[in-house]
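In order, the protein sequence lines correspond to chains A and B. Numbering follows numbering that gives the first Met the number 0, in which position 144 of the first sequence is assigned residue number 143; successive positions increment by one, without gaps. Numbering follows numbering that gives the first Met the number 0, in which position 165 of the second sequence is assigned residue number 164; successive positions increment by one, without gaps. Data block below; observations after.
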Amino acid sequence: MIEIDPLLVRQVIENGKRVDGRSLDSYRDIVIETDVVTSAEGSARVRLGDTVVLAGVKIDVGTPFADTPDEGVLMVGAEFVPLASPDFESGPPREDAIEVARVVDRAIRESKSIDTKKLCITPKEKVWMVYVDVDVLDDHGNLIDATSLAALAALLTAKMPVLNEDGRVDHEKKGTEPLPIKGNPLCTTFVKIGDQIIADPSLSETRAMNARLTVGTFEQDGHVKLCSMQKGGSIGLTLDELEKIIHMAEQKGAELRKLLK
Amino acid sequence: METIIRTDGRKFDETRPILAEVGVLKNADGSAMFKLGNTTAIAGVFGPRKVYPKHEEEAERAILRTRYNMAPFATSERNRPGTNRRSTEISLVTRQALTPLIFLDEFPKTAIDVHIEVLQADASTRCVGINAAVLALADAGVPMKDLVASCSAGKVGDAVVLDIAGKEDTEGELDLPIAYYPKKKHITLLQMDGITDGKEVKEIIKLAVKGCEKIYEEQKRALRNRYKLEGAD
């Protein structure tokens, strides 16, 4: 991997340019392939520039949480597997992996795109458990957005499994019913470097950044809505900067959603 | 602004009662307790001190380590002790909320450890934890550029309200906690759960800043109370 000196990255950005030649608000090339894992109920591989992540949806039967007896369960996990970066190690998920998973999870959950009530089989007893697990295969920055795209693409193509007579998932049969999902929530991430705000930070830009903001957006009745936010990084953002990023997120979110149509 | 009746009788832009006390523990180098209504957290700071494990040491600056933890008895249903995904994430965003304030470059090869224990939880536990932590850092004599204050705003039904708590928390539509660094007017923590749009979200953030400004005054008052000189006016 070629490391670019964070000082150089900053210098270039302060002049309104980026080391990889992109404009400040543009994303790297995105390639989305769905149904790439036959053993999963839904799957997607996303390439965001050189960043590669693979999302798989597994759906199983389980018991509901006590406070939501008639709702199914959605859970997003992310694993930074060691083959993806010299900086990743094996072992339990580190805080950065947990953050990626929770930020992506929150955007999907809070947008209410998945009707968890429709995932109920028998109230208080049996519900569908939808697990979205994302493996990061090659880390070249902006894992949140890549994971978010992959998770949504995998959910959109997921098929509900078929239950056999004793109420368990029949792994011999392939389901045909789609997962009850109606929205299209996506995370878009921006970082502040010097006085500039840039979209979709590469790894060298991530290392040079001061502050990060991820905004979850989705479309409802033709309008762009916000459903989640997460600030990262070691310095603060002003109200003006927040407003600017939120505005950029509304536009970029709409752009990314076109790729999923 | 229209009048909104809240479940606990507060105005839309009113926080719950605040209680802050500095220097509540003997062993920690600095400590503080912060209460916002029924949510109570205590924070203890150790350091700057030697770094263990050694490999975490940084040659040119101190490292800041934060641990947010919720006591098993802090919620109506017992919560399983130990770290989980939620507490790991809150520890991370708490560290990022505090980092901009501290002169870490002044203490190379050391660690500053901030431990937050939520004793009683009724919404905004991360905010209350941060409010206690920053007072504990000041109490420990860690040089800082300012204090940060943390507060959340949100939506109950269609109403934008400050410091969501109790029933509003379980039934609320949106929660947006922030941490605010008043001298720089910087937002050092921001999270949001719930549906809104680009226009309304500005209103919510501005209301949260207002709450932080009030908490900031209470924090300064608590520090003055702790370090009041005998006989001085």
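Using N, Cα and C, we set each Cβ at its ideal position, and we do this for glycine too.
- V44/B and G29/B have their C-alpha atoms spaced approximately 5 Å apart.
- For the stretch 200–219 of chain B, the set of residues with a beta-carbon nearer than 8 Å to any beta-carbon of chain A comprises V200, K201, I204, K205 and V208, in chain order.
- Shown in chain order are the members of the stretch 165–197 of chain B whose Cβ falls below 7 Å from a Cβ of chain A: Y180, K183, K184, H185, I186, T187, L188, L189, Q190, M191, D192, G193, I194, T195, D196 and G197.
- Annotated three-state conformation of V75/A is strand, per DSSP.
- For a cut-off of 8 Å, the C-beta gap from A150/A to I107/A is around 7 Å, short enough to register as a contact.
- Under DSSP, V30/A forms a beta bridge with R46/A.
- Taking C-beta separations shorter than 6 Å and ignoring five residues to either side along the sequence, the partners of Y67/B in its chain run S86, I89, S90, T93, I115 and G128, following chain order.
- A distance below 7 Å between beta-carbons, with the five flanking residues on each side excluded, links K213/B to the following residues of its chain, in chain order: T14.
- S30/B is bridged by DSSP to G43/B.
- Here R225/B carries a helix assignment [DSSP, helix/strand/coil].
- Every alpha helix (DSSP H) of 4 residues or more that sits fully in the stretch 132–196 of chain B is shown, in chain order, as 166–170.
- At least 7 Å separates the beta-carbon of V21/B from that of L118/B.
- Residue D138/A holds the alpha-carbon nearest to the alpha-carbon of T50/A among D138/A, V8/A and K125/A.
- Under the three-pair Cβ rule at 8 Å, the stretch 181–196 of chain A does not count as touching the stretch 143–162 of chain B.
- Near chain A, meaning a CB-to-CB distance below 9 Å, the residues of the stretch 89–107 of chain B are S90, L91, V92, R94, Q95, A96, T98 and P99.
- Taking a C-beta cut-off of 9 Å against chain A, none of the residues of the stretch 1–17 of chain B qualify.
- Distance from the Cα of G193/B is smallest, within the candidate group K224/A, I196/A, V168/A and N209/A, for K224/A.
- With contacts defined by Cβ atoms closer than 7 Å, L255/A and L154/A do not form a contacting pair.
- Note that the C-beta distance between M228/A and L206/B is not below 7 Å.
- Contacts with chain A at 7 Å (Cβ-Cβ) do not include R77/B.
- T82/B has a beta carbon lying at 7 Å or more from every beta carbon in chain A.
- The distance from the Cβ of R211/A to that of G231/A is about 4 Å, consistent with a contact at the 8 Å cut-off.
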